[in-house]
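Visitor:
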Amino acid sequence: AQSVAQPEDQVNVAEGNPLTVKCTYSVSGNPYLFWYVQYPNRGLQFLLKYITGDNLVKGSYGFEAEFNKSQTSFHLKKPSALVSDSALYFCAVSNAGKSTFGDGTTLTVKP
Amino acid sequence: DSGVTQTPKHLITATGQRVTLRCSPRSGDLSVYWYQQSLDQGLQFLIQYYNGEERAKGNILERFSAQQFPDLHSELNLSSLELGDSALYFCASSVAGVAGNIQYFGAGTRLSVL
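So the protein sequences, as listed, match chains A and B. Just so we're aligned: 108 in the numbering used here is position 82 of the first sequence, and the numbers increase by one with no gaps anywhere. Just so we're aligned: 126 in the numbering used here is position 110 of the second sequence, and the numbers increase by one with no gaps anywhere.
(1) Got a sec: is the Cβ-Cβ distance from residue 59 of chain B to anything in chain A below 9 Å?
(2) Tell me which same chain residues have a C-beta within less than 7 Å of the C-beta of residue 35 of chain A, skipping the five on either side of it?
(3) Count the other CB atoms within 10 Å of the CB of residue 59 of chain B; is the residue buried (16 or more) or exposed (fewer)?
(4) Of the residues A/112, A/110, A/68 and A/56, which one's Cα is nearest the Cα of residue 78 of chain A?
(5) Report the CB separation of residue 108 of chain B from residue 120 of chain B in whole angstroms; it is logged as a contact under 8 Å.
(6) Which ranges would you report for the alpha helix (DSSP H) in the segment 33-61 of chain A if only whole runs of at least 4 residues count?
(7) For the beta strand (DSSP E) containing residue 87 of chain A, list its first residue and its last residue.
(8) Helix, strand or coil: how does DSSP classify residue 96 of chain A here?
(9) Can you tell me where the beta strand (DSSP E) with residue 37 of chain B in it begins and where it stops?
(10) So for residue 58 of chain B, helix, strand or coil by DSSP?
(11) Quick one: does residue 113 of chain A have its CB under 9 Å from some CB of chain B?
(12) Taking 9 Å as the CB-CB cut-off, is residue 84 of chain B touching chain A?
(13) Could you give the residue range of the beta strand (DSSP E) that holds residue 71 of chain B?
(14) Any residues in the segment 74-108 of chain B with a beta carbon nearer than 7 Å to a beta carbon of chain A? Which ones, in chain order?
(15) Hey, does residue 72 of chain A have any beta-carbon neighbour from chain B nearer than 9 Å?
(16) Over the uninterrupted beta strand (DSSP E) stretch that includes residue 25 of chain B, give me the two end residues.
(17) For residue 99 of chain B, name the three-state secondary structure that DSSP assigns.
(18) What do you reckon, are the CB atoms on residue 107 of chain A and residue 43 of chain A nearer than 9 Å?
(19) On the criterion of 16 or more Cβ atoms from any shown chain inside 10 Å, does residue 70 of chain A qualify as buried, or is it exposed?
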């Protein structure tokens, strides 16, 4: 069975500061890892994914994520947060046709 | 706009009733996924179809069923509805339905069971 953990329900940062949203996973075999973002009353939108290759993955809106195999982590990062980044962020792992999403982390960026 | 269309946007019904949620995938996408999002359960994968065939099954109740039609649109049928079925139901589509594919989500159908 595969699983995803997002240990923080809420992350608060000030605008301009770096942000990190944490994710750890458990899956058999090679992981396919994703980050999605959900704005209020909207569906999820793809941010970035890791399949293989470079451990640092760059995605949309200046976000990036670092894959760490030994720690089974895939943390989402951004060097300088914007107020418009405030949203609900989901980490997901995919394998054998099944996608498992974390419970989500609400990111609030304050001006 | 993701290109995935879900109808209706809102649905209000009573316990014991049956409803059908519809999803049209992005043009060219062969795979459709259904998810349930509720406050207490988070985002739960229900079922996946690929080119008309069921590909993967998640935490889908026996009262729920889905199908994908030859034109690739999909329907999720929910029957004998209970108060706890109130949730946001999302459809997503992807090109080929394999693990590395990006899923594109619709805006969801908000189901309220009274």
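From the three backbone atoms N, C-alpha and C, an ideal C-beta is built for every residue, glycine too.
Guide: On the basis of the data shown:
(1) Contact with chain A is found for residue 59 of chain B, since one of that chain's Cβ atoms lies less than 9 Å from the residue's Cβ.
(2) 131 and 132
(3) buried
(4) A/56
(5) Residue 108 of chain B to residue 120 of chain B, Cβ: 6 Å. Contact.
(6) none
(7) No beta strand (DSSP E) contains residue 87 of chain A, which DSSP labels as neither H nor E.
(8) In this structure, residue 96 of chain A counts as coil in the three-state DSSP scheme.
(9) Element bounds for residue 37 of chain B: 35-40.
(10) strand
(11) With respect to chain B, the C-beta atom of residue 113 of chain A has no partner C-beta closer than 9 Å.
(12) no
(13) 69-73
(14) 74 and 106
(15) Yes, contact with chain B.
(16) Premise fails: residue 25 of chain B is in no beta strand (DSSP E) and is neither H nor E.
(17) helix
(18) yes
(19) That one is buried.
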